[in-house]
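K.L.:
In the numbering used here, the protein residues as written are 1022 to 1310.
All C-beta atoms, glycine included, are put in the ideal place defined by N, C-alpha and C.
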Ligand SMILES: [Zn+2]
Ligand SMILES: [Zn+2]
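(1) Residue range of the beta strand (DSSP E) that residue 1287 falls in?
(2) Under DSSP, the alpha helix (DSSP H) around residue 1175 begins and ends at which residues?
(3) Cβ of residue 1303 within 6 Å of any heavy atom in ligand 2?
(4) Restricting to Cα atoms, I'd like to know which of 1272, 1247, 1309 and 1169 is closest to residue 1148.
(5) Select from 1093, 1188, 1160 and 1159 the residue whose C-alpha is nearest the C-alpha of residue 1135.
(6) Whole angstroms are fine: how far does the CA of residue 1304 sit from the CA of residue 1260?
(7) Based on Cα-Cα distance, which residue from 1255, 1270 and 1278 lies nearest to residue 1262?
(8) In chain order, what residues of the same chain lie with their CB nearer than 8 Å to the CB of residue 1074, ignoring the 5 residues before and after it?
(9) For ligand 3, which residues have a Cβ under 6 Å from at least one heavy atom, in chain order?
(10) Rounded to whole angstroms, what is the Cα-Cα separation between residue 1203 and residue 1107?
(11) Should the stretch 1177-1186 be called in touch with the stretch 1120-1137, which here means at least 3 C-beta pairs below 8 Å?
(12) Less than 7 Å between the beta carbons of residue 1065 and residue 1113, yes or no?
(13) When burial is assigned at 16 or more other CB atoms within 10 Å of the CB, is residue 994 buried or exposed?
(14) Regarding residue 1308 and ligand 2, is the C-beta to nearest heavy atom distance less than 6 Å?
(15) Does the beta-carbon of residue 1102 have 16 or more other beta-carbons within 10 angstroms, so that it is buried, or is it exposed?
(16) With hydrogens ignored, establish whether the beta-carbon of residue 963 is closer than 6 Å to any heavy atom of ligand 2.
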């Protein structure tokens, strides 16, 4: 029992380190991260697992799950169930993340949206791991740490991108702005679950799950790297055209002359201040865009 808890902690903290080390220029306070991991994970995993159980009971799929016979279900039944699980889990993870970070003053750069969404989802996966490892033991925990944990983290980076855009381009964090990102993550999640249910957790299912995990983790690390370029705390402005590191107040690249452009900001040509994409005048000098 204690061994299982220790294993879940070790697995979670290794993944947390992989995420958190990317928050390089203005790291989030550790207490925020720990809070999101525990509170976010708990608040999202309880309602979504209740909904999963409720849905399985109503549809009569519960027996197939308890007895590991999901592969005997029809394809359309399996597809319906996978879609339900995918949407249900991605929805609760994202809504809880939005509610927890909406008023956070540390949420001050686009990269934070990825750090927050991935941390809450890691918490979610860790709570799931406790339940599964209680049944399947330490080998189940190791398998899940290499498949479903990175799956949950990677999928979170998709709606984390939506959160970053909603906050820094549209100006506020709204579920309606993020919904299409949640839908994309939910459909990928459903495809993953469908394959797992269909192959009924054989060796091939592990190979497919591992492939999903690698692709999604690579995707999220790549997004974090791109968002780091837009970080206002980086100390330099890297030119997208030639890669030259210009001082922070640069409007045109000092080497190639390109205008500095950002995913999330507009730079004032008068004073070099960063403004939101939707701003119609500079917040520092008042120049109209
Ligand atoms: Zn340049
Ligand atoms: Zn200005």
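P.N.:
In terms of the structure at hand:
(1) In the chain shown, the residue the question calls residue 1287 occupies position 266. 1286-1288 is the extent of the beta strand (DSSP E) around residue 1287.
(2) Residue mapping note: residue 1175 aligns to position 154 of the chain shown, counting from 1. From DSSP, the alpha helix (DSSP H) with residue 1175 extends over 1169-1189.
(3) If you number the chain shown from 1, residue 1303 lands on position 282. Residue 1303: yes, Cβ under 6 Å from ligand 2.
(4) For the purposes of this step, residue 1148 is taken as the residue at position 127 of the chain shown. Sorting 1272, 1247, 1309 and 1169 by C-alpha distance to the C-alpha of residue 1148 places 1169 at the top.
(5) Residue numbering aside, residue 1135 sits at position 114 when the chain shown is read from its first letter. That would be 1188, whose Cα lies nearest to the Cα of residue 1135.
(6) As a position in the chain shown, residue 1260 is number 239, starting the count at 1. As a position in the chain shown, residue 1304 is number 283, starting the count at 1. Distance from the CA atom of residue 1260 to the CA atom of residue 1304, rounded to whole angstroms, is 23 Å.
(7) Residue 1262 sits at position 241 when you count from the first residue of the chain shown. Residue 1262 has its Cα closest to that of 1278, out of 1255, 1270 and 1278.
(8) Taking the chain shown and counting its residues from 1, one reaches residue 1074 at position 53. Taking residue 1074 as the centre and dropping the five residues before and after it, the same chain places the C-beta of 1083 closer than 8 Å to its C-beta, in chain order.
(9) With respect to small molecules bound, the structure shown includes ligand 1 and ligand 2 and not ligand 3.
(10) Mapped onto the chain shown, residue 1203 falls at position 182. Mapped onto the chain shown, residue 1107 falls at position 86. Here the alpha carbon of residue 1203 sits roughly 10 Å from the alpha carbon of residue 1107.
(11) Look at the beta carbons and you see the stretch 1177-1186 touching the stretch 1120-1137: at least three pairs across the two are nearer than 8 Å.
(12) Counting from one through the chain shown, the residue named residue 1065 turns up at place 44. Counting from one through the chain shown, the residue named residue 1113 turns up at place 92. Yes, Cβ-Cβ distance for residue 1065 and residue 1113 is below 7 Å.
(13) This structure cannot speak to residue 994, because the chain is shown only from 1022 to 1310.
(14) One-based indexing of the chain shown puts residue 1308 at position 287. Yes; taking the cut-off as 6 Å, the Cβ of residue 1308 has a heavy atom of ligand 2 nearer than that.
(15) Within the chain shown, residue 1102 is the residue found at index 81, counting from 1. Residue 1102 comes out buried.
(16) Shown here, the chain extends from 1022 to 1310; a query on residue 963 therefore has no answer.
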